[in-house]
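The structure appears below as structure tokens.
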Amino acid sequence: MLVSLGFHEVRQRGSHKQFRHPDGRTTTVPFHAGRDISPILLRQIAKDIGLTVEQLLTAR
Numbered sequence: 003m004l005v006s007l008g009f010h011e012v013r014q015r016g017s018h019k020q021f022r023h024p025d026g027r028t029t030t031v032p033f034h035a036g037r038d039i040s041p042i043l044l045r046q047i048a049k050d051i052g053l054t055v056e057q058l059l060t061a062r
């Protein structure tokens, strides 16, 4: 989802991946096998990258 918005993975530490956009926006996303991203975390990711949750979800 983030890759389709122009973000690329810059590093990973454990199960957490950090993504950066060419304009400087960054966010960290935990990747745990078999688990979905919680609505609270989804809101935080959207806030980090300057979008609404709806915009983030339609960017798939």
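Residue numbers for the sequence shown follow the numbering used here, beginning at 3 and rising by one.
For every residue, glycine included, the Cβ atom is placed at its ideal position computed from N, Cα and C.
Query                                                                              : Result
Residues bridged to T30 (per DSSP)                                                 : Q20
Where F33 falls, given that 16 or more other Cβ within 10 Å makes a residue buried : exposed
Cβ neighbour criterion (16 or more within 10 Å) applied to L59                     : exposed
Nearest-angstrom Cα separation, counted from A61 out to I51                        : 13 Å
Local conformation of R37 per DSSP, three classes                                  : coil
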